[in-house]
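Below is the structure:
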């Protein structure tokens, strides 16, 4: 996913609608975070679009799903969180889905299909964004099976594309 196919600025006429839509989807006021007229760049890579707002890669559109990048702290810190044991971290960072036995704690409530932030137990660092396969209420008593679908993680192609872009910039 590292190869840039196209890079362009979002039209002024599209910005307001885009910001309004994203604010509604994620229940966050992007205008407060980025100002009234932010600079929005769209970077198309192999199978995704990365949305860069005021020089920060905050969103990615991949397979018709818009999700925050692991670098968009203002949004990911509002997501419900699942803390996993350190034994699960290397597997998650290689793309594995999150299994019930690896979950140590749950912070916040979520429903099936919601985005969930995955944190490591030792440092509390964000290592993945996953989609819930079950609600948090159903997850508490589970001892086995997949519970979260890993959709963006440290070291994935999106992460590498963003990393490569920002290494070139600096």
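Residue numbers (this note's numbering): 779 to 948. Heads up, the beta-carbon is just placed ideally off N, CA and C, and yes, glycines get one too.
Worksheet item: In chain order, what residues of the same chain lie with their CB nearer than 7 Å to the CB of residue 826, ignoring the 5 residues before and after it?
Response: 779, 838, 839, 840, 936
Discussion item. I'd like the list of long-range same chain contacts for residue 806, defined as Cβ closer than 6 Å, with 5 residues on each side in sequence excluded.
Written reply: 853
Worksheet entry | DSSP three-state assignment for residue 847, whether helix, strand or coil | coil
Item to complete: Pick out the complete alpha helix (DSSP H) segments inside the segment 910-937, 4 residues or longer, and give them in chain order.
Response: 914-917
Practice prompt. Less than 8 Å between the CB atoms is what I'm expecting for residue 914 and residue 879, so what's the real figure, rounded?
Written response: No, residue 914 and residue 879 are not in contact; Cβ-Cβ is about 16 Å, not under 8 Å.
Worksheet item: Count the other CB atoms within 10 Å of the CB of residue 789; is the residue buried (16 or more) or exposed (fewer)?
Response: exposed
Discussion item. Taking the straight line between their C-alpha atoms, what separation do you get for residue 726 and residue 862?
Written reply: Residue 726 is absent from the model: the chain starts at 779 and stops at 948.
Worksheet item: What do you get for residue 851, buried or exposed, if any count of 16 or more other CB atoms within 10 angstroms of its CB means buried?
Response: exposed
Worksheet item: Are there 16 or more other CB atoms within 10 angstroms of the CB of residue 816, so buried, or fewer, so exposed?
Response: buried
Worksheet item: Can you tell which of 882, 871, 911 has the C-alpha that lies nearest to the C-alpha of residue 932?
Response: 871
Practice prompt. Can you grab the Cα-Cα spacing for the pair residue 831 / residue 888, in whole Å?
Written response: 27 Å
Worksheet item: Which residues share a DSSP beta bridge with residue 784?
Response: 822
Worksheet item: Considering only C-alpha positions, which residue in the set 891, 896, 829 is nearest to residue 868?
Response: 896
Item to complete: Just the C-alpha distance for residue 934 and residue 942, rounded to the nearest angstrom, thanks.
Response: 12 Å
Worksheet item: Going by Cα to Cα distance, which pick from 821, 804, 811 is closest to residue 944?
Response: 821
Fill in: Residue burial classification, residue 928 (beta-carbon count within 10 angstroms, cutoff 16)
buried
Fill in: Backbone secondary structure at residue 857 - three-state DSSP
coil
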